[in-house]
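Trainee: One structure follows; several queries about it will come next.
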Amino acid sequence: MTQRRRAPGRAAPRPATGGLLTVGQAARVIGVSASTLRLWENVGLVAPLRTRGRFRLYSPDVLKVLKRIKYLRDVQRLNVHGIKRELGEAGARARRSNGRAGDGAGDAADIGPRLRLLRERRGLSIAAVAAQAGISTGFLSAFERAEANASVATLQRLAAVYGTTLMALFGGRARKSRLVRPGQRRLLHGVPGVRMEFLSTGARLLESMLFRVAPLAGSEGAYAHEGEEFIFMLSGTLEIWLDELQYHVLHEGDGFWFESTLAHRWFNPGNTEAVLVWINTPPTF
């Protein structure tokens with residue numbers, strides 16, 4: 009399905025579906041005000057999903073984090089820094105217990121400090137990098153301290169500033185292997201609502217990934233790079249915009265090709281997870 013239309017503007021929020029709660033509903037469940045949830049997001053404690061109109065939505069997993077935050081604040085009497093430390097240690101334990109025996113996993117929380125070292129080695133200021141990536145200096149500073157979450161689009165633009173790729177930022181390429189079994193896939197996670205699994209390793213001219221995009225999650229911005237891309241939809245629905253001029257809706261069984269130099273952004277508008285194979289050539293994502 010191909011249409012041409014203007015990018016959607018901000019509209020009134022719709023009732024949450026698929027187990028997702030609005031900010032007001034989540035606040036009532038947790039027992040705090042909606043402004044408190046927004047504050048926790050602003051200081052980097054939690055990252056809800058966003059609709060196309062930028063409205064917040066909270067999944068069951070995010071609600072678990074919110075309950076933990078409230079407990080640490082009200083019972084343990086921890087401040088923001090103490091809560092971040094406790095959440096970070098819990099996340100590290102979870103990653104260790106859930107780690108695969110194959111090539112391992114990369115976490116977006118590790119990228120910020122890695123970028124700070126890269127920036128300092130090159131003698132670049134936070135302001136200069138933020139301007140090139142199209143983000144605020146405050147956000148970049150928080151991200152470099154692992155106190156904020158970044159979207160796929162932001163991570164890709166930061167990678168472009170440093171002349172590298174998202175895979176390299178997540179810890180480099182795994183050893184070359186012609187055969188990659190499901191339990192050996194390298195995982196990239198930590199981006200809200202998006203999980204990426206590398207289906208191949210060691211290829212020089214292409215990069216193949218399995219994307220799992222949660223309902224109402226997406227790239228949260230557009231990005232562009234050299235190359236060409238192909239998407240094959242395994243299940244669910246994905247909306248994609250090219251240069252804000254072309255709009256496409258992909259469904260199960262659809263194949264879609266485009267030039268990577270077109271600024272592209274994407275979003276899952278459905279109530280179920282979108283699963284797709286995404287191939288880049290050359291591997292510049």
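Using our numbering, count along the sequence shown one by one with no gaps and you end on 293. No residue lacks a Cβ here, since even glycine has one placed at the ideal position from N, Cα and C.
Shortest alpha-carbon distance to Ala167 belongs to which of Ile239, Glu247, Glu234, Asp262?
Mentor: Ala167 has its Cα closest to that of Glu234, out of Ile239, Glu247, Glu234, Asp262.
Trainee: Quick check on DSSP: helix, strand or coil for His89?
Mentor: Helix at His89.
Trainee: For the putative contact between Arg273 and Ala222, defined by C-beta atoms under 8 Å, what is the C-beta separation to the nearest angstrom?
Mentor: Not confirmed; about 16 Å, so no contact.
Trainee: State yes or no: is the C-beta of Ile287 within less than 8 Å of the C-beta of Leu258?
Mentor: In this structure, Leu258 does not lie closer than 8 Å to Ile287 by Cβ.
Trainee: For the alpha helix (DSSP H) holding Arg212, just list the boundary residues, first then last.
Mentor: No alpha helix (DSSP H) holds Arg212; DSSP gives it neither H nor E.
Trainee: Indicate, with yes or no, if the ligand ZN has a heavy atom lying under 7 Å from the CB of Glu205.
Mentor: Looking at this structure, you won't find the ligand ZN or any other ligand, since it has none at all.
Trainee: For Glu237 and Ser268, which I take to be in contact (beta-carbon distance under 8 Å), what is that distance rounded to the nearest angstrom?
Mentor: Indeed they touch by this definition, with Cβ atoms about 5 Å apart.
Trainee: Which one of Gly263, Leu65, Trp48 has the shortest CA to CA distance from Val7?
Mentor: Residue coverage of the chain in this structure runs from 9 to 293, which leaves residue 7 outside it and unanswerable.
Trainee: Can you tell me which of the three DSSP states Gln33 falls into?
Mentor: Gln33: helix per DSSP, three-state reduction.
Trainee: Can you check DSSP and say which residues form a bridge with Val199?
Mentor: Answer is Val202, bridged to Val199.
Trainee: Among Glu152, Arg58, Thr172, which one has its Cα closest to the Cα of Glu128?
Mentor: Comparing Cα-Cα distances from Glu128 to each of Glu152, Arg58, Thr172, the minimum goes to Glu152.
Trainee: Per DSSP, what kind of secondary structure is Asn106 in: helix, strand or coil?
Mentor: Reliability of the predicted coordinates at Asn106 is poor, the pLDDT of 43 falling under 50, and the value obtained from them is presented with this limitation in mind. Note: Asn106 maps to helix in three-state DSSP.
Trainee: So the candidates are Pro291, Leu53, Asp69; which of them puts its Cα closest to the Cα of Leu214?
Mentor: That would be Pro291, whose Cα lies nearest to the Cα of Leu214.
Trainee: Per DSSP, which residues does Phe2 bridge with? Please list them.
Mentor: No answer is possible for residue 2: the residues shown for the chain start at 9 and end at 293.
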